[in-house]
Amino acid sequence: MEELWESSHMSAGHAGYLESLYETYLSNPEELPEEWLVFFKNLPIQPNSNGEISHKTIISEFKNIPRNYAFVKDEVDERQGKVIRLIQAYRNRGHQEAKLDPLGMMDRNIIEDLNIEFHGLTQDDLDEEFYTDTFITGSAKTSLREIVDSLRKIYCGTIGVEYNYIMDSNERRWLQKKFESKLEKYNFSKEDKLHIYERLNSAEGLAKYLAAKYPGMKRFGIDGAESLVPLIDAVIQDCGELGANQICFGMAHRGRLNLLVNVLGKLPEDLFSAFDEKGTIEGSNTGDVKYHLGFSSNINTSG
(Lines of atoms letter the chains of each structure in order from A and count residues from 1; the text may use other names and numbers.)
(Lines give C-alpha, C1' and ligand atoms only; values in the text may rest on other atoms or scores of the structure.)
Protein backbone atom coordinates (compact mmCIF):
# COMPACT_ATOMS: atom_id res chain seq x y z
CA MET A 1 0.00 0.00 0.00
CA GLU A 2 2.85 2.37 0.92
CA GLU A 3 4.61 1.70 -2.37
CA LEU A 4 1.35 2.29 -4.23
CA TRP A 5 0.78 5.60 -2.43
CA GLU A 6 4.32 6.80 -3.08
CA SER A 7 3.92 6.07 -6.78
CA SER A 8 0.67 8.05 -6.91
CA HIS A 9 0.64 11.60 -8.29
CA MET A 10 -1.08 12.61 -5.00
CA SER A 11 2.03 11.77 -2.98
CA ALA A 12 3.68 14.71 -1.19
CA GLY A 13 6.93 13.78 -2.84
CA HIS A 14 5.44 14.75 -6.19
CA ALA A 15 4.18 18.16 -5.05
CA GLY A 16 6.89 20.02 -6.95
CA TYR A 17 6.13 18.13 -10.13
CA LEU A 18 2.40 18.79 -9.79
CA GLU A 19 3.11 22.47 -9.15
CA SER A 20 5.13 22.73 -12.38
CA LEU A 21 2.37 21.00 -14.35
CA TYR A 22 -0.21 23.39 -12.92
CA GLU A 23 1.93 26.40 -13.80
CA THR A 24 2.12 25.09 -17.36
CA TYR A 25 -1.67 24.64 -17.37
CA LEU A 26 -2.15 28.31 -16.38
CA SER A 27 0.40 29.73 -18.82
CA ASN A 28 0.57 27.32 -21.78
CA PRO A 29 -2.16 24.65 -21.46
CA GLU A 30 -1.58 23.39 -25.01
CA GLU A 31 1.77 21.96 -23.90
CA LEU A 32 0.13 19.55 -21.43
CA PRO A 33 -0.80 15.96 -22.23
CA GLU A 34 -4.53 15.49 -22.72
CA GLU A 35 -5.04 13.59 -19.45
CA TRP A 36 -3.48 16.37 -17.36
CA LEU A 37 -5.43 19.03 -19.20
CA VAL A 38 -8.67 17.21 -18.40
CA PHE A 39 -7.56 16.69 -14.78
CA PHE A 40 -6.95 20.40 -14.14
CA LYS A 41 -10.11 21.45 -15.97
CA ASN A 42 -12.18 19.23 -13.70
CA LEU A 43 -10.80 20.72 -10.48
CA PRO A 44 -13.56 22.37 -8.41
CA ILE A 45 -13.85 26.18 -8.69
CA GLN A 46 -13.95 28.07 -5.40
CA PRO A 47 -16.95 30.38 -4.94
CA ASN A 48 -16.33 34.16 -5.11
CA SER A 49 -13.09 33.44 -6.92
CA ASN A 50 -11.71 35.62 -9.72
CA GLY A 51 -9.89 32.72 -11.27
CA GLU A 52 -6.56 31.09 -10.64
CA ILE A 53 -3.34 33.11 -10.56
CA SER A 54 0.03 31.61 -11.27
CA HIS A 55 1.84 30.76 -8.07
CA LYS A 56 5.10 31.48 -9.83
CA THR A 57 3.99 35.07 -10.39
CA ILE A 58 2.94 35.45 -6.78
CA ILE A 59 6.18 33.98 -5.49
CA SER A 60 8.18 36.27 -7.76
CA GLU A 61 6.29 39.30 -6.46
CA PHE A 62 6.86 38.28 -2.87
CA LYS A 63 10.54 37.77 -3.57
CA ASN A 64 11.06 41.16 -5.19
CA ILE A 65 8.56 43.57 -3.65
CA PRO A 66 9.43 43.00 0.02
CA ARG A 67 13.13 43.29 -0.71
CA ASN A 68 12.75 46.54 -2.68
CA TYR A 69 10.21 47.94 -0.23
CA ALA A 70 12.37 47.12 2.75
CA PHE A 71 15.36 48.81 1.13
CA VAL A 72 13.44 51.98 0.35
CA LYS A 73 11.70 51.96 3.73
CA ASP A 74 14.98 51.51 5.60
CA GLU A 75 16.59 54.33 3.63
CA VAL A 76 13.67 56.69 4.30
CA ASP A 77 13.55 55.75 7.99
CA GLU A 78 17.28 56.35 8.29
CA ARG A 79 17.07 59.83 6.76
CA GLN A 80 13.99 60.60 8.85
CA GLY A 81 15.99 59.80 11.95
CA LYS A 82 18.77 62.10 10.75
CA VAL A 83 16.28 64.97 10.36
CA ILE A 84 14.99 64.46 13.91
CA ARG A 85 18.58 64.51 15.19
CA LEU A 86 19.19 67.74 13.25
CA ILE A 87 16.15 69.36 14.89
CA GLN A 88 17.38 68.27 18.32
CA ALA A 89 20.84 69.68 17.58
CA TYR A 90 19.33 73.12 17.01
CA ARG A 91 17.39 72.81 20.26
CA ASN A 92 20.58 71.94 22.11
CA ARG A 93 23.12 74.26 20.49
CA GLY A 94 21.33 76.73 18.22
CA HIS A 95 21.85 79.56 20.71
CA GLN A 96 25.61 79.23 20.25
CA GLU A 97 25.25 80.41 16.65
CA ALA A 98 22.71 83.16 17.40
CA LYS A 99 23.50 86.68 16.18
CA LEU A 100 23.84 88.44 19.52
CA ASP A 101 26.31 91.14 18.46
CA PRO A 102 24.37 93.95 16.74
CA LEU A 103 27.59 95.84 15.92
CA GLY A 104 29.20 92.85 14.20
CA MET A 105 32.43 93.26 16.13
CA MET A 106 32.74 89.60 17.06
CA ASP A 107 33.10 86.60 14.78
CA ARG A 108 29.95 84.53 14.71
CA ASN A 109 30.33 80.99 15.99
CA ILE A 110 30.01 78.17 13.47
CA ILE A 111 28.59 75.06 15.12
CA GLU A 112 29.34 71.90 13.17
CA ASP A 113 26.35 70.05 14.65
CA LEU A 114 23.96 72.46 12.91
CA ASN A 115 25.08 71.51 9.38
CA ILE A 116 22.96 68.96 7.54
CA GLU A 117 26.11 67.20 6.31
CA PHE A 118 27.14 66.51 9.92
CA HIS A 119 24.04 64.33 10.25
CA GLY A 120 24.56 62.50 6.96
CA LEU A 121 22.12 64.56 4.89
CA THR A 122 22.96 66.20 1.56
CA GLN A 123 21.86 69.10 -0.60
CA ASP A 124 19.83 66.58 -2.64
CA ASP A 125 17.63 66.00 0.42
CA LEU A 126 16.63 69.67 0.83
CA ASP A 127 13.47 69.45 -1.26
CA GLU A 128 12.33 66.10 0.15
CA GLU A 129 9.59 66.17 2.77
CA PHE A 130 10.04 64.69 6.23
CA TYR A 131 7.98 64.34 9.37
CA THR A 132 8.99 66.94 11.94
CA ASP A 133 8.14 65.13 15.19
CA THR A 134 7.16 67.80 17.75
CA PHE A 135 8.78 70.64 15.80
CA ILE A 136 6.09 73.12 14.77
CA THR A 137 6.08 74.00 11.06
CA GLY A 138 2.37 74.16 10.33
CA SER A 139 2.12 70.76 8.61
CA ALA A 140 2.88 67.14 9.40
CA LYS A 141 5.48 66.82 6.63
CA THR A 142 7.75 69.64 5.49
CA SER A 143 10.68 69.89 3.12
CA LEU A 144 14.10 69.77 4.72
CA ARG A 145 14.78 73.23 3.28
CA GLU A 146 11.82 74.72 5.16
CA ILE A 147 12.75 72.84 8.33
CA VAL A 148 16.28 74.26 8.30
CA ASP A 149 15.03 77.79 7.50
CA SER A 150 12.58 77.63 10.42
CA LEU A 151 15.21 76.27 12.80
CA ARG A 152 17.62 79.06 11.93
CA LYS A 153 14.94 81.74 12.38
CA ILE A 154 14.00 80.39 15.81
CA TYR A 155 17.33 79.41 17.31
CA CYS A 156 20.00 81.34 15.36
CA GLY A 157 18.41 84.77 14.95
CA THR A 158 18.98 87.82 17.12
CA ILE A 159 17.48 86.05 20.14
CA GLY A 160 19.18 82.94 21.49
CA VAL A 161 17.32 80.48 23.67
CA GLU A 162 18.86 77.77 25.86
CA TYR A 163 16.50 75.57 27.87
CA ASN A 164 17.58 71.94 27.66
CA TYR A 165 19.45 72.22 30.97
CA ILE A 166 16.07 72.56 32.74
CA MET A 167 15.35 69.39 34.70
CA ASP A 168 11.55 69.65 34.72
CA SER A 169 10.40 68.15 31.40
CA ASN A 170 7.06 70.00 31.49
CA GLU A 171 8.79 73.36 31.83
CA ARG A 172 11.25 72.41 29.11
CA ARG A 173 8.51 71.40 26.66
CA TRP A 174 6.51 74.54 27.48
CA LEU A 175 9.45 76.79 26.60
CA GLN A 176 10.21 74.73 23.51
CA LYS A 177 6.63 75.03 22.25
CA LYS A 178 6.51 78.78 22.96
CA PHE A 179 9.69 79.54 21.07
CA GLU A 180 9.06 77.16 18.17
CA SER A 181 5.57 78.54 17.57
CA LYS A 182 7.09 82.00 17.04
CA LEU A 183 8.50 81.57 13.52
CA GLU A 184 8.34 85.24 12.60
CA LYS A 185 10.80 87.75 14.02
CA TYR A 186 9.83 89.79 17.04
CA ASN A 187 8.82 93.23 15.82
CA PHE A 188 9.49 96.08 18.24
CA SER A 189 8.22 99.61 17.69
CA LYS A 190 10.62 102.54 17.80
CA GLU A 191 9.31 103.42 21.27
CA ASP A 192 9.90 99.86 22.49
CA LYS A 193 13.45 99.86 21.15
CA LEU A 194 14.21 103.19 22.83
CA HIS A 195 12.78 101.92 26.12
CA ILE A 196 14.91 98.75 25.93
CA TYR A 197 17.98 100.85 25.12
CA GLU A 198 17.35 103.17 28.07
CA ARG A 199 16.94 100.20 30.43
CA LEU A 200 20.15 98.57 29.17
CA ASN A 201 22.05 101.84 29.37
CA SER A 202 20.86 102.42 32.94
CA ALA A 203 21.83 98.88 33.96
CA GLU A 204 25.32 99.17 32.49
CA GLY A 205 25.81 102.70 33.86
CA LEU A 206 25.00 101.67 37.43
CA ALA A 207 27.20 98.57 37.20
CA LYS A 208 30.17 100.60 35.97
CA TYR A 209 29.66 103.29 38.61
CA LEU A 210 29.58 100.77 41.47
CA ALA A 211 32.68 99.04 40.11
CA ALA A 212 34.58 102.33 39.90
CA LYS A 213 33.29 103.90 43.13
CA TYR A 214 33.45 100.83 45.37
CA PRO A 215 36.10 98.51 43.86
CA GLY A 216 36.84 96.80 47.17
CA MET A 217 33.25 96.29 48.28
CA LYS A 218 31.74 92.84 47.85
CA ARG A 219 28.86 92.84 45.41
CA PHE A 220 27.41 90.71 42.60
CA GLY A 221 27.37 92.73 39.38
CA ILE A 222 25.02 92.31 36.45
CA ASP A 223 27.84 92.37 33.88
CA GLY A 224 26.87 90.25 30.87
CA ALA A 225 23.27 89.91 32.03
CA GLU A 226 22.09 93.50 31.55
CA SER A 227 19.19 92.30 29.40
CA LEU A 228 17.63 91.01 32.62
CA VAL A 229 16.59 94.60 33.46
CA PRO A 230 14.35 95.25 30.41
CA LEU A 231 13.18 91.62 30.58
CA ILE A 232 11.93 91.86 34.18
CA ASP A 233 10.48 95.28 33.40
CA ALA A 234 8.48 93.74 30.52
CA VAL A 235 7.34 90.83 32.74
CA ILE A 236 5.99 93.28 35.32
CA GLN A 237 4.10 95.25 32.67
CA ASP A 238 2.61 92.06 31.19
CA CYS A 239 1.58 90.81 34.64
CA GLY A 240 -0.24 94.10 35.21
CA GLU A 241 -2.09 93.73 31.91
CA LEU A 242 -3.12 90.22 32.95
CA GLY A 243 -4.58 91.48 36.23
CA ALA A 244 -1.81 90.72 38.73
CA ASN A 245 -1.81 92.91 41.84
CA GLN A 246 1.36 91.77 43.58
CA ILE A 247 4.67 90.29 42.46
CA CYS A 248 7.24 88.84 44.85
CA PHE A 249 10.82 88.27 43.68
CA GLY A 250 12.96 85.68 45.42
CA MET A 251 16.03 86.72 43.52
CA ALA A 252 19.61 85.46 43.57
CA HIS A 253 22.54 87.78 44.32
CA ARG A 254 23.68 88.45 40.77
CA GLY A 255 22.17 91.68 39.43
CA ARG A 256 19.92 92.15 42.45
CA LEU A 257 21.14 95.66 43.33
CA ASN A 258 20.68 96.74 39.72
CA LEU A 259 17.09 95.53 39.64
CA LEU A 260 16.34 97.25 42.94
CA VAL A 261 17.26 100.59 41.35
CA ASN A 262 16.43 100.23 37.65
CA VAL A 263 13.25 98.14 37.89
CA LEU A 264 11.75 98.51 41.35
CA GLY A 265 12.68 102.18 41.73
CA LYS A 266 14.94 102.18 44.77
CA LEU A 267 16.63 105.60 44.97
CA PRO A 268 20.31 105.42 43.92
CA GLU A 269 21.32 107.64 46.84
CA ASP A 270 19.83 105.12 49.27
CA LEU A 271 21.91 102.36 47.69
CA PHE A 272 25.06 104.50 47.80
CA SER A 273 24.40 105.33 51.45
CA ALA A 274 24.36 101.61 52.21
CA PHE A 275 27.76 101.25 50.52
CA ASP A 276 29.06 104.30 52.41
CA GLU A 277 27.50 102.89 55.60
CA LYS A 278 25.84 106.22 56.25
CA GLY A 279 22.28 105.03 56.42
CA THR A 280 20.50 103.01 59.09
CA ILE A 281 18.55 99.81 58.57
CA GLU A 282 15.37 99.26 60.48
CA GLY A 283 15.20 96.14 62.61
CA SER A 284 17.88 94.09 64.29
CA ASN A 285 19.70 92.71 61.21
CA THR A 286 21.96 95.74 60.84
CA GLY A 287 24.99 93.67 59.93
CA ASP A 288 23.47 92.16 56.77
CA VAL A 289 25.16 92.68 53.41
CA LYS A 290 23.83 95.11 50.79
CA TYR A 291 22.75 92.48 48.29
CA HIS A 292 20.48 90.87 50.91
CA LEU A 293 18.43 94.02 51.44
CA GLY A 294 14.76 93.83 50.55
CA PHE A 295 12.65 96.51 48.94
CA SER A 296 9.04 97.07 47.95
CA SER A 297 7.44 99.62 45.67
CA ASN A 298 4.36 100.41 43.61
CA ILE A 299 4.78 100.29 39.84
CA ASN A 300 2.24 101.65 37.40
CA THR A 301 1.32 99.34 34.52
CA SER A 302 -1.04 99.70 31.60
CA GLY A 303 -3.31 96.98 33.01
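So the sequence shown is numbered by the working numbering: it starts at -19 and just counts up by one. Where a beta carbon is used, it is the ideal one built from N, C-alpha and C, also for glycine. A quick note: this is a predicted structure, and the numbers were derived from the prediction, not measured.
Check                                                                                                        : Outcome
Opening and closing residue of the beta strand (DSSP E) in which Y111 lies                                   : E109 to Y111
Cβ separation of I90 and R73, assumed to be a contact under 8 Å, to the nearest whole Å                      : Between R73 and I90 the Cβ distance is about 11 Å, and since that is not below 8 Å, they are no contact.
Boundaries (first-last residue) of the alpha helix (DSSP H) holding K157                                     : S149 to E160
Coarse secondary structure for S123, derived from DSSP in three states                                       : strand
Backbone secondary structure at S276 - three-state DSSP                                                      : coil
Cβ-based burial, S161 [other Cβ within 10 Å; buried from 16]                                                 : exposed
Exposure of H233, with buried meaning 16 or more beta-carbon neighbours within 10 Å                          : exposed
Cβ contact (3+ pairs, closer than 8 Å) linking the stretch 174 to 190 and the stretch 131 to 151             : no
8 Å contact criterion, which S182 and N242 should meet: CB distance rounded                                  : 5 Å
Beta-carbon spacing of Y166, E77 below 9 Å                                                                   : no
Where A254 falls, given that 16 or more other Cβ within 10 Å makes a residue buried                          : buried
Cα-Cα separation between R236 and I96, rounded to whole angstroms                                            : 42 Å
Residue span of the alpha helix (DSSP H) that contains Y177, given as start and end                          : K170 to K193
For M197, the nearest candidate out of F159, N150, L251 and N22 (CA to CA)                                   : L251
Presumed contact (8 Å Cβ cut-off) between T281 and I216, rounded CB distance                                 : 7 Å
S130 classed as buried or exposed, judged by whether at least 16 other C-beta atoms fall within 10 angstroms : buried
Residues near P9 in its chain [Cβ-Cβ closer than 7 Å; skip 5 each side]                                      : L17
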